[in-house]
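Undergrad: First the structure, then my questions, so here it is.
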Amino acid sequence: MHLTPIPAFTDNYIWALHDGQRALVVDPGESDGVTQWLAKEGLRLDTILITHHHPDHTGGVASLREATGARVIGPARERMPEPLLRVSAGDEVQALGLRFEVLEVPGHTAGHIAFYAADFEGTPLLFCGDTLFSGGCGRLFEGTPAQMLDSLTRLAALPDNTRVCCTHEYTLSNLRFAMAVEPHNADLAAYQLRCQAQRAQNFPTLPSSIGLEKRINPFLRTDQAEVVRTAQARSPGQPTDAVTVFATLREWKNVF
Ligand SMILES: [Zn+2]
Ligand SMILES: [Zn+2]
Numbered sequence: 003m004h005l006t007p008i009p010a011f012t013d014n015y016i017w018a019l020h021d022g023q024r025a026l027v028v029d030p031g032e033s034d035g036v037t038q039w040l041a042k043e044g045l046r047l048d049t050i051l052i053t054h055h056h057p058d059h060t061g062g063v064a065s066l067r068e069a070t071g072a073r074v075i076g077p078a079r080e081r082m083p084e085p086l087l088r089v090s091a092g093d094e095v096q097a098l099g100l101r102f103e104v105l106e107v108p109g110h111t112a113g114h115i116a117f118y119a120a121d122f123e124g125t126p127l128l129f130c131g132d133t134l135f136s137g138g139c140g141r142l143f144e145g146t147p148a149q150m151l152d153s154l155t156r157l158a159a160l161p162d163n164t165r166v167c168c169t170h171e172y173t174l175s176n177l178r179f180a181m182a183v184e185p186h187n188a189d190l191a192a193y194q195l196r197c198q199a200q201r202a203q204n205f206p207t208l209p210s211s212i213g214l215e216k217r218i219n220p221f222l223r224t225d226q227a228e229v230v231r232t233a234q235a236r237s238p239g240q241p242t243d244a245v246t247v248f249a250t251l252r253e254w255k256n257v258f
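Okay, so the sequence shown: first residue is 3 according to our numbering, each after it adds one.
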């Protein structure tokens, strides 16, 4: 089984899996790159997974469905290009011999879902759309800080070796912000150097892992003393609970 990110637009990745014959893609915001990849690898598109309704995640669905007959699986509670199989928390999706569990992770959008496979060739695999990024998280377009923090906390509880397939290459800009939040985090500084080297050669920084994100992503670290201190300095007099710290960081990142 092969896992690969197909670049799209300026900074999207359309994550793709194949077993040598059949393929699965996640959040195809456009179809051209996927169509070329299928032809080059000699694959038949079997399944399209969708995490949320934004056009940069759904724009290629209709033409790919029409061209390939692939089945489309997406969130129960979002406006979606029909027809599709709608799934929600606890549902299971079988594709290419893998079993994905559907997680509901509201915050970026109200009905955002993620797909989690506990066993992808011995390692867990997560397609999390625009909820968790390496070093950051999605903007709160439709949800509250409390909702998003709850969603991220449930993702952070997945096994440390879970491969995290995010939909955007936002890592370097996220890490600049993360360094402003936690200037004394040595893991973060080392990771930033590694990612700068990868991007200098135009390599993806993804997938990440849950274990790594717990060490470097400020949005998963709202209980750390330095993160709390930075949030307090940014917004003096505010409470130090996780939701308030998270909200302060998220608002600051919007203007960083
Ligand atoms: Zn989005
Ligand atoms: Zn997006």
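Cβ atoms here follow ideal geometry from the backbone N, Cα and C, with glycine treated the same way.
Going straight from the alpha carbon of Y153 to that of G140, what length do you get?
TA: Here residue 153 turns out to be Ser, not Tyr, going by the sequence shown. Each residue's alpha carbon lies about 11 Å from the other.
Undergrad: May I ask you to report which of helix, strand or coil DSSP gives S65?
TA: S65: helix per DSSP, three-state reduction.
Undergrad: Can you tell me which of the three DSSP states H4 falls into?
TA: Reduced to three states, the DSSP call for H4 is strand.
Undergrad: Taking just the CA atoms, how far does L174 sit from A91?
TA: Straight-line Cα distance between these residues: approximately 32 Å.
Undergrad: If you follow the beta strand (DSSP E) that Q96 is part of, which residue opens it and which one closes it?
TA: Element bounds for Q96: E94 to A97.
Undergrad: Which partner residues does A116 have in the DSSP bridge list?
TA: A116 is bridged to L105.
Undergrad: Among L160, I16, V89 and A25, which one has its Cα closest to the Cα of D48?
TA: The shortest Cα separation from D48 among L160, I16, V89 and A25 belongs to A25.
Undergrad: I'd like the ranges of any beta strand (DSSP E) spanning at least 3 consecutive residues and lying wholly in the stretch 127-182.
TA: Runs found: 165-168.
Undergrad: Exposed or buried, what is H55 when buried is set at 16 or more other beta-carbons lying within 10 Å of its beta-carbon?
TA: Under this definition H55 is a buried residue.
Undergrad: Below 6 Å CB to CB, which residues in the same chain sit around A199 once its five sequence neighbours on both sides are set aside?
TA: Nothing listed; no residue qualifies.
Undergrad: How would you call A192, buried or exposed, if buried means at least 16 neighbouring beta carbons within 10 angstroms?
TA: Under this definition A192 is an exposed residue.
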